[in-house]
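> My questions will all concern the structure given below.
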């Protein structure tokens with residue numbers, strides 16, 4: 012996938028996040044928002060290598076998304092345009108990284124949705140070490156439908172979100 016075009020990057024950087032102020036992935040969501048968290052323990056024991064993959068958008072790529080990012084390795088403020096599908100039917104999924112944690116035993120990032128994203132909210136990807144040295148991978152989100160298509164999709168929208176989460180969780184199992 013080509014890098015994020017300069018004009019698109021400037022547009023995304025200027026955009027306000029669509030997640031409401033105070034929204035948190037690990038808190039009780041406001042009315043109308045859906046919160047979920049799914050966790051898997053990976054067989055791998057290489058937290059730093061897994062984090063390098065996480066912080067370079069490999070999870071999203073392996074889940075089937077096309078990635079155009081302002082930064083090859085994400086940092087707070089990175090903007091990304093994810094694409095699901097191809098051509099004119101592709102769904103554009105713009106986001107901004109709002110938090111990065113890079114500590115011993117814990118590596119994570121959270122992105123917030125930007126205008127044009129089918130959902131409105133936050134999604135967090137977190138890696139941590141287990142007591143036996145394996146890597147735990149959690150994907151958590153709090154969101155509500157934002158676009159007309161996502162709103163009328165109802166259960167199909169939730170099913171699509173759940174499918175992408177399963178793909179994310181499978182992306183680091185290798």
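Residue numbers (our numbering): 12 to 185. Built from N, CA and C at the ideal position, the CB exists for glycine as well. This structure is a prediction, so every number in the text was calculated from the model and none was measured.
1) On the three-state DSSP scale, how would you describe residue 76?
2) Give the range of the alpha helix (DSSP H) segment to which residue 162 is assigned.
3) Could you tell me if residue 136 is buried or exposed, where buried requires 16 or more neighbouring beta carbons within 10 angstroms of its beta carbon?
4) Which residue comes first and which comes last in the beta strand (DSSP E) that contains residue 85?
5) Does the Cβ of residue 66 have 16 or more other Cβ atoms within 10 Å, making it buried, or fewer, making it exposed?
6) Using beta-carbon positions only, say whether residue 121 and residue 109 come within less than 8 Å of one another.
7) Do you know how far the Cα of residue 117 is from the Cα of residue 158?
8) Give the straight-line distance between the Cα atoms of residue 133 and residue 143, rounded to the nearest whole angstrom.
In terms of the structure at hand:
1) The count along the chain shown starts at 1 and reaches residue 76 at position 65. The three-state secondary structure of residue 76, taken from DSSP, is coil.
2) Working through the chain shown from its first residue, we reach residue 162 at position 151. From DSSP, the alpha helix (DSSP H) with residue 162 extends over 159-164.
3) Here residue 136 corresponds to residue number 125 of the chain shown, with the count starting at 1. With 16 or more other Cβ atoms within 10 Å, it is buried.
4) Looking up residue 85 in the chain shown gives position 74. Per DSSP, residue 85 belongs to no beta strand (DSSP E) and is neither H nor E.
5) Counting from one through the chain shown, the residue named residue 66 turns up at place 55. Burial call: buried.
6) For the purposes of this step, residue 121 is taken as the residue at position 110 of the chain shown. For the purposes of this step, residue 109 is taken as the residue at position 98 of the chain shown. A contact, by the Cβ cut-off of 8 Å.
7) By one-based count along the chain shown, residue 158 stands at place 147. By one-based count along the chain shown, residue 117 stands at place 106. Answer to the nearest angstrom: the Cα atoms are 34 Å apart.
8) The residue you call residue 133 lines up with position 122 of the chain shown. The residue you call residue 143 lines up with position 132 of the chain shown. Between residue 133 and residue 143, the alpha-carbon positions lie close to 30 Å from each other.
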